Each structure stands twice: as C-alpha cells, then as structure tokens.
Amino acid sequence: MSRYGPLLLLVAALFALWYAAAVPMNIREALSAAERNGVVVEPATAIERRDANALGLVAANLAQIPAAWAQDRPRLPAPHQIVGELWQSVVMEEIEGQRGLLKSGSLSNRGLLLHVWITLSATALGFVIGTVAGVLLAVGIVHSRTMERSVMPWAIVSQTVPIVALAPMIVVVLYSVGLQGLLPKAIISAYLSFFPVVVGMVKGLRAPDAMQTDLMRTWDASGWQVLTRLRLPASMPYLFASLKIAVAAALVGAIVGELPVQGGGLGARMLAGSYYGQTAQIWAALLLAAALAAGLVAAIGGAQRLALRRMGGAA
Amino acid sequence: MMNAPIPQTVISARGVDLTFDTNDGSVHALRSVDLDIGKGEFVSFIGPSGCGKTTFLRVVAALETPTAGTVSVNGMTPDEARRARAYGYVFQAAGLYPWRTIGGNIALPLEIMGFDRAERTRRVREVMQLVELSGFEKKYPWQLSGGMQQRASIARALAFDAEILLMDEPFGALDEIVRDRLNEELLRLWAATGKTTLFVTHSIPEAVYLSTKIVVMSPRPGRITDVIDSPLPRERPLEIRDSPEFIEIAHRVREGLRAGHAEH
Ligand SMILES: Nc1ncnc2c1ncn2[C@@H]1O[C@H](COP(=O)(O)OP(=O)(O)OP(=O)(O)O)[C@@H](O)[C@H]1O
Ligand SMILES: [Mg+2]
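Protein chains in written order, with this note's numbering: chain A, 5 to 319; chain B, 139 to 402.
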C-alpha cells in the first residue's frame, strides 16, 4: 500500500485538477445550453458573455458547474466523459453495434478496437523494419570507417526533419509508385525507430573491452565470429534500451502516418474527432494510444528480462 | 647449471625494441630484448610496474608489433604462430564472458576453432577436471569466486591444447592463501601438460617457486637485466620455499630488481 500511496495521491490530484479545469473551459457552452432551455443565467445573452472572463462566469453561475461536466461537445471533456466514450467505443460498440463483433463477427469501424489494430500493425511492421535496418547499419558502422563517416551524419540529419512535414510527402511519393495502406505508415514508423537502434547498437557493439577482443584475436577468430560470439551478445542490454525508445517512436510514426490518409487507425480517429468537434473521441483515442505505448514498452521490458535471464541473469 | 641439455628453442627474441607513440611523447617500452625460451620451460618475468612485461608477452602473441628486432616462434613470425593457434593467453582479469556458463566460456575457443560438439564436450570436461572445477560447468561466472574464475580462464586457455601458455599476472588479484594453492595447481598442470609457459608476476616467491627460468626486467626503457636458470628440481612441494637453494635464488632476483632500480 505504501508503495502505491503516493501514486494514488498523484492520480487523485490530477483528476481534481482536470475537473477544476473543465469548468471554466466549458462554462460558455454550458450557459448557452442552459439559456436555450429557458434557465436564467448571468449575464443573460451570449453576446454579453462573449467578452466576459471565464472564471467570472463560473462565479456568477455556480449552479451550472455540473452542466460544464456534461456537455455533448465540450472543449475539455471531463474524465468520466472520456471513460464513458472509451466504454462506448471499445465495448458497447462491439456488443450492440450493427457491425460490431457480436453481430457481424468482425470489429466495427465505428469502435476503437479496429483502429487500435490498424495502428498496431503499422507500428509492429515499422518497428521490425526499423530495428533490422538499425542493427544492420550499426554493424556496418562498427566495421567500416567509411560507413561511419558517411552514414552517421545522414542518420542524424534524418531525425532533424520534422516528421509531420515529411510524412505526407512519403505517403504521396509511395502512393505514386503504387504503395498504399499498411506499408507507407510502416515506413514512417521505421524512419523514426531505426535511429535509436543505430545509436544504441553502435555503442553496444563497441562495448567489449580490449581484453575481450584481444582474446578473440589470440584465438584467430574471424570477423563474423567476433560479431556473433562477442559483439552481439555484449550489446544486448544496449539493444533493449534502444528498442524501448524505438517502439514508442514507431507508434508515433504510425499515428502521424495515419493523419494524411483516411484509412483508419488511431491517428485517423483523432483527426476525425477534431473535424467534428468530438473532443471526447480525440481524448479516448489519445488515451488508448498512450496505453498502447505503455503496453509495447512493457512488452519489450518483458522480452528483455527473458533474454537477459537466458544470458546468465547478471549480464 | 643442472638442467644442462638446452631443449629445443621455441621462442627466440633478438634485439626487440618497442616504442609507443602517445600524445604526450613516446614511451620506450622495450629495448634490445634478447631471449631464448626452450620447449617445455616455465619462464617468469618479474620487474617493477611499467618495465614492459605485458608488452613483451603481447609482442610474442602478435598483439603488438615491435618497432625493431625479430621474434620467432617455432621458426614462424608471432602472427603466423597466432594464426596457427599456438597461444593460450590468460589475462590478469579472468575475462570470462558473463553471458556464457563456465562450460560455455571454456568451449568458446573450441567453437571458434571448429571442434565438433562431442570433442568440445570431451575437452571441456577434461580441462575442468584439470583445474578442479568439475561440477561448475553450468554455473555463470558471477556465481564463482575470483580464484575459481581465474582457474576457469586457465582452463579456457588449455582447452584447445595451444603449445604456448602466456599468463599475465593471473593471480595478481588473489589473496596469498588462494594464490599458494593455485601456484601448486599450476605447477602440477605444467608438469602434466609440459607446455611452454610465460608467466608475469610481481611476486619473487611465486617466480622462484614456479619457474625453470626467471627473467628480471627493469623500466625506462624496459629491458632484461638478469636471466636466472633455476637449479630447483621440477618436483616442488610448497615447503621447498624454505630451502637454502630457494632462498638463494630469491636473493639473486631481489638483487637484480634492486640493481635495475639503482641505475636511476
Ligand atoms: N598501448 C600503449 N600505448 C602507450 N603506451 C603503452 C601502451 N601499453 C603500454 N604502454 C607503456 O609501456 C610501458 C610498459 O608497459 P607494460 O604494460 O608492458 O608494463 P608492465 O611491466 O606490464 O607493468 P605492470 O607490472 O604494471 O603490468 C609503460 O610505460 C606503459 O605506460
Ligand atoms: Mg602488465
């Protein structure tokens, strides 16, 4: 309990802050709605309220505070509204919806699960491509001076270009050569995730000390043997640290890649939510994306523990 | 000398010079080193820190190239001998790979040299018995004491039956009692395998106890100041260290070390 105590306290404080912030954010809409329903609010007309201070409006209409937490299209939805939206779009949609899992046997495109799945596939594919490319580049860099000089600067430059600007171009270019759907998003994911892998693996492959490489030399080991028997195993802790960053980056890449194409996915859901003022939908997608990221990082952590245990547990 | 018939020369160094060029000037690590080492000899190198003991071993193992002079190993260059896998090198730290079991560590050079699985298993078992580590095959290095790790690293150097054993202060980090035991064990191993051994140490008793030949070195520049052929018999119980012969050789080594120092 004492371990979770501070955490619970922090979460409670965050919720309190959130509810408090939702009141001035949504008070105008709440007052307008109340006015339409014939409730007398202060000041009475929307024109008068337009220039008024939000906190002042709250103070003048304390009775409308609960309404600020219950708007249809709030600027800032209250936590329970987001939870409601999540429940609706993750569970109820599949159970009750015409095209939901229960009635049609496949995930509804109005629910969130399908979009999580779409984003997850692009993330996974991009992560795998990025990791493989990152490891290969790192191996090249460690073995060749020329590659170190030529690849590393480009790898760094590639990460300074804002991905939001680059993503639509990648999508358009790939579309023009006939590639669409999963692959363009995966490539944007890979573009973001290969970099931490390169940096971590270059460091990891160089981790063995002089004595360990000298031993290999006295045994007349080939370059391949040094790589597979010494450098790669020695780099494992570095690899997993990089993979955790890479998988989160891959998720960001997939979501950004979904913005320009209306092919579904959490990114598309967020964009649709902002078109139609469905803030709760944006927040629900956002929270799911965050949960997905946490789950992916935790999965890498699990793989890391498994791998390191197989490697003696003290590596 | 008692062991008069000089055995077939395995390592022969002639006028070996080595200068390291570093950012703040050059270091003359070895100067005109001449040395012959016969087959099956146990040669200790002793001298103050920085006198080039490690450097000489590394030159023999082709991990370092001399700036002048020649070294030949069985008539080959050190690098050819390295390619022929003539060396078992034991470093000051055990240098076991933490992600491999003790058995896996000892099997690693065998794996690299292409021994098949059955042969690897056989040899690992054999050398582990030799260094008295039987039963620890499946343990990881961190589960062993420092002395056991060092024995494992010796077993690893023995496993592929290299002709020449190079040991750089293998027991430097161990306490006196463990060291005595390992010295006895090493001597037994050497007697059993007959391997030509080059052994670096800072301890006079260790050098005298183990060696058929003691090379005394002095620093700046690193050079050989005395080579002592030991008259002690090959069979050496620990008590031999109280014998007059032993004390006399130890005395001569100490004198050699002091003389090297006095020149400065
Ligand atoms: N790679 C290197 N680059 C530059 N100088 C070096 C290098 N290796 C050794 N030296 C220098 O060469 C000299 C001899 O070093 P060496 O390691 O052979 O001494 P040592 O006799 O083994 O000493 P110790 O007993 O402390 O191990 C030292 O002055 C050392 O600083
Ligand atoms: Mg040394």
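Glycine included, every Cβ here is placed at the ideal spot set by N, Cα and C.
Since this is a predicted model, take the numbers as computed values, not measurements.
Please confirm whether any heavy atom of ligand 2 lies closer than 6 Å to the CB of residue i.
{"i": "residue 192/B", "result": "yes"}
Once the 5 residues before and after residue i are set aside, which same chain residues still bring their CB inside 8 Å of it?
{"i": "residue 388/B", "result": "342, 343, 346"}
{"i": "residue 312/B", "result": "284, 285, 288, 320"}
{"i": "residue 357/B", "result": "185, 186, 187, 188, 189, 190, 398"}
{"i": "residue 246/B", "result": "235, 238, 294"}
{"i": "residue 216/A", "result": "234, 238"}
{"i": "residue 139/B", "result": "Only weak support is given to the placement of residue 139/B: the predicted model assigns it a pLDDT of 45, under 50, and the question is left unresolved by the model."}
{"i": "residue 11/A", "result": "none"}
Let me check you understand the geometry: is the CB of residue i closer than 6 Å to at least one non-hydrogen atom of ligand 1?
{"i": "residue 337/B", "result": "no"}
{"i": "residue 187/B", "result": "yes"}
{"i": "residue 309/B", "result": "no"}
{"i": "residue 346/B", "result": "no"}
{"i": "residue 160/B", "result": "yes"}
{"i": "residue 167/B", "result": "yes"}
Would you mind stating whether residue i and residue j have Cβ atoms separated by less than 7 Å?
{"i": "residue 238/A", "j": "residue 211/A", "result": "yes"}
{"i": "residue 75/A", "j": "residue 33/A", "result": "yes"}
{"i": "residue 31/A", "j": "residue 61/A", "result": "yes"}
{"i": "residue 268/A", "j": "residue 190/A", "result": "no"}
{"i": "residue 176/B", "j": "residue 147/B", "result": "yes"}
{"i": "residue 264/A", "j": "residue 166/A", "result": "no"}
{"i": "residue 235/A", "j": "residue 209/A", "result": "yes"}
{"i": "residue 19/A", "j": "residue 78/A", "result": "no"}
{"i": "residue 270/A", "j": "residue 147/A", "result": "no"}
{"i": "residue 183/B", "j": "residue 353/B", "result": "yes"}
{"i": "residue 348/B", "j": "residue 180/B", "result": "yes"}
{"i": "residue 363/B", "j": "residue 394/B", "result": "yes"}
{"i": "residue 204/B", "j": "residue 198/B", "result": "no"}
{"i": "residue 241/B", "j": "residue 270/B", "result": "no"}
{"i": "residue 272/A", "j": "residue 196/A", "result": "no"}
{"i": "residue 195/B", "j": "residue 324/B", "result": "no"}
{"i": "residue 127/A", "j": "residue 255/A", "result": "yes"}
{"i": "residue 230/A", "j": "residue 300/A", "result": "no"}
{"i": "residue 330/B", "j": "residue 224/B", "result": "no"}
{"i": "residue 248/B", "j": "residue 298/B", "result": "yes"}
{"i": "residue 123/A", "j": "residue 258/A", "result": "yes"}
{"i": "residue 338/B", "j": "residue 307/B", "result": "yes"}
{"i": "residue 221/B", "j": "residue 224/A", "result": "yes"}
Within 6 Å: the Cβ of residue i and any heavy atom of ligand 4?
{"i": "residue 396/B", "result": "Judged by which ligands are present, ligand 4 is missing from the structure shown, whose ligands are ligand 1 and ligand 2."}
State the CB to CB distance for the pair residue i and residue j, rounded to an integer number of angstroms; the pair is presumed to be in contact (CB under 8 Å).
{"i": "residue 227/B", "j": "residue 304/B", "result": "5 Å"}
{"i": "residue 101/A", "j": "residue 112/A", "result": "5 Å"}
{"i": "residue 202/A", "j": "residue 159/A", "result": "6 Å"}
{"i": "residue 261/A", "j": "residue 188/A", "result": "6 Å"}
{"i": "residue 218/A", "j": "residue 201/B", "result": "6 Å"}
{"i": "residue 47/A", "j": "residue 40/A", "result": "Not really, about 15 Å apart at Cβ, beyond 8 Å."}
Sorted by chain position, which residues of the same chain lie with C-beta nearer than 6 Å to residue i's C-beta, five sequence neighbours on each side aside?
{"i": "residue 173/B", "result": "151"}
{"i": "residue 167/B", "result": "156, 158, 190, 193, 360"}
{"i": "residue 69/A", "result": "27"}
{"i": "residue 277/A", "result": "285, 286"}
{"i": "residue 219/B", "result": "211"}
{"i": "residue 181/A", "result": "none"}
{"i": "residue 22/A", "result": "83"}
Whose C-beta lies closer than 7 Å to the C-beta of residue i among residues of the same chain, with five residues either side of it excluded?
{"i": "residue 287/B", "result": "232, 234, 279"}
{"i": "residue 316/B", "result": "285"}
{"i": "residue 156/A", "result": "145"}
{"i": "residue 295/B", "result": "226, 227, 228, 303"}
{"i": "residue 115/A", "result": "93, 94, 97, 98, 101, 104"}
{"i": "residue 317/A", "result": "none"}
{"i": "residue 243/A", "result": "204, 205, 208"}
{"i": "residue 327/B", "result": "268"}
{"i": "residue 308/A", "result": "244"}
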